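Colleague: Adding 102 to a residue's 1-based position in the sequence shown gives its number in the working numbering. Following this message is one structure expressed as structure tokens.
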Amino acid sequence: MKTSVVISAYNGKRYIIEQLESIRQQSQPVDEVLIADDCSTDGTPELVQAYIDQHHLAGWHVEVNTVNKGWRRNFMEAMWASTGDVVFSCDQDDLWHLDKVKLMTATLTAHPEISLLTSNYDEFFPDGKHRLAPWPKQTGLFEVPLKRNYMLVKAPGCTYAIRRSLLDVAKKYWQPDYPHDALLWRLSQFNHGLYALAQPLLRWRKHETSAFAKESKDLKTIGAKQAWIKVANAANETLREYVRNEVPGDTRHQQTILARTSEWLKRRQRFYDAQKIVSGLALLPYWSSYPRIRQYPGDWYLIFIKKK
């Protein structure tokens, strides 16, 4: 089973060598590492190329984009350009446990029903604090069940090992607004292929300059929430098409959840448009569709208190 690691890099000079070291030192060497640099201005590609040359790393390549694609497109196109049977999506600033590739590859080999395998991670912060997430009380290997709040992607893309077959299917359904991790998570989950190993296989660095932190902060406005609802609606319709075309057997559970999500998003959009109490109360029966419970009162806060 050939393995590829794909890194979307942008101005990652500060931490990327630590990330590369944790990949190079894996107990099971990877066959291919593709670093897709998205027009960095801090010397990231030159630093990475020097690292590759220093360690004589066959199968490791840096590709510098001619235009800035943005991390969504950069990740997807780089994963499609990779050649592995299993592809590990990788951030530029984390630290992998040394058995990550070995354990995840062995699990995928033993379980052909898995299309996307994720894991726990150790989230660590600049102040030295850390926490085990997202399944601190689980053990072993388990399927991640499909629930009403399926829009919640519980584990970041840097924890994923993805089968080539899932990436090939994703070509039919990806849109430029769709994050790679959210799309792949949902496609696998709606087809009973999403599984997790309940052990931490990487240290996930949290800092204010990360793309994740920036987008989380930017979402806390009325305009950003309305834009998110629009993309979520499109993603929900994409999943309806995917279930119709790709998922065999009885799909009533998936269809029920998708129909409920469509109604929840419609009512949520109406609340932001009308900004009336009655519209907010109409969302109460759909509280369980929110990715996180706190987001429903968060809508009320944005509309009636923050007002922007």
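No residue lacks a Cβ here, since even glycine has one placed at the ideal position from N, Cα and C. These numbers were taken from a predicted model, which means no experiment stands behind them.
Among 223, 217, 183, which residue has its Cα nearest to the Cα of residue 136?
Modeller: Cα-wise, what sits closest to residue 136 is 183.
Colleague: Is it the case that the Cβ atoms of residue 229 and residue 114 are separated by a distance below 8 Å?
Modeller: Against a cut-off of 8 Å, the Cβ pair of residue 114 and residue 229 comes out as no contact.
Colleague: So that I know if they touch, is there some Cβ in chain B lying closer than 8 Å to that of residue 154?
Modeller: The chain labelled as chain B is not found in the depicted structure, where only one protein chain is given.
Colleague: Contact defined as beta carbons within less than 8 Å: I believe residue 198 pairs with residue 303. What is the distance between those atoms, to the nearest angstrom?
Modeller: Right, their Cβ atoms sit about 7 Å apart.
Colleague: Could you tell me which residues DSSP pairs with residue 162 in its beta bridges?
Modeller: The partner list for residue 162 (beta bridge, DSSP) reads 135.
Colleague: Per DSSP, which residues does residue 306 bridge with? Please list them.
Modeller: Residue 306 is bridged to 225.
Colleague: According to DSSP, simplified to helix, strand and coil, what is residue 297?
Modeller: Strand, per DSSP.
Colleague: If you run the structure through DSSP and keep just helix, strand and coil, what is residue 111?
Modeller: Reduced to three states, the DSSP call for residue 111 is strand.
Colleague: Under 8 Å between the Cβ atoms of residue 202 and residue 127?
Modeller: Cβ distance not < 8 Å, so residue 202 and residue 127 don't count as in contact.
Colleague: Along the chain, which unbroken stretches of the beta strand (DSSP E) at least 3 residues long are found entirely within the segment 138-200?
Modeller: For the segment 138-200, whole beta strand (DSSP E) runs of length 3 or above, ordered along the chain, are 162-166, 188-192.
Colleague: Sorted by chain position, which residues of the same chain lie with C-beta nearer than 8 Å to residue 385's C-beta, five sequence neighbours on each side aside?
Modeller: 366, 369, 370, 373, 398, 401, listed in sequence order.
Colleague: Mapping DSSP to helix, strand and coil, what is residue 360?
Modeller: Residue state, collapsed to three classes: helix.
Colleague: Suppose you measure from the CA of residue 142 to the CA of residue 380; what does that come to, to the nearest Å?
Modeller: Roughly 48 Å between the two C-alpha positions.
Colleague: Leaving out five residues on either side along the sequence, give the residues of the same chain with a beta carbon under 7 Å from the beta carbon of residue 271.
Modeller: The residues are 289, 348.
Colleague: Is it the case that the Cβ atoms of residue 251 and residue 236 are separated by a distance below 8 Å?
Modeller: No.
Colleague: Report the three-state DSSP secondary structure of residue 317 (helix, strand or coil).
Modeller: With a pLDDT of 48 at residue 317, under the threshold of 50, the modelled position of this residue cannot be trusted; read the value that follows with caution. Helix at residue 317.
Colleague: If we ignore side chains and look at the alpha-carbon of each, how far apart do residue 318 and residue 213 end up?
Modeller: A caution first: residue 318 carries a pLDDT of 48, below 50, which makes its placement in the model too unreliable to give a value.
Colleague: Taking buried to mean at least 16 other C-beta atoms within 10 Å of its own C-beta, is residue 392 buried or exposed?
Modeller: Residue 392 should be labelled buried.
Colleague: With DSSP collapsed to three states, give me the class of residue 265.
Modeller: The answer is strand: DSSP assigns residue 265 an E or B state.
Colleague: Could you tell me whether the Cβ atoms of residue 282 and residue 181 are closer together than 8 Å?
Modeller: Result yes, Cβ atoms of residue 282 and residue 181 sit closer than 8 Å.
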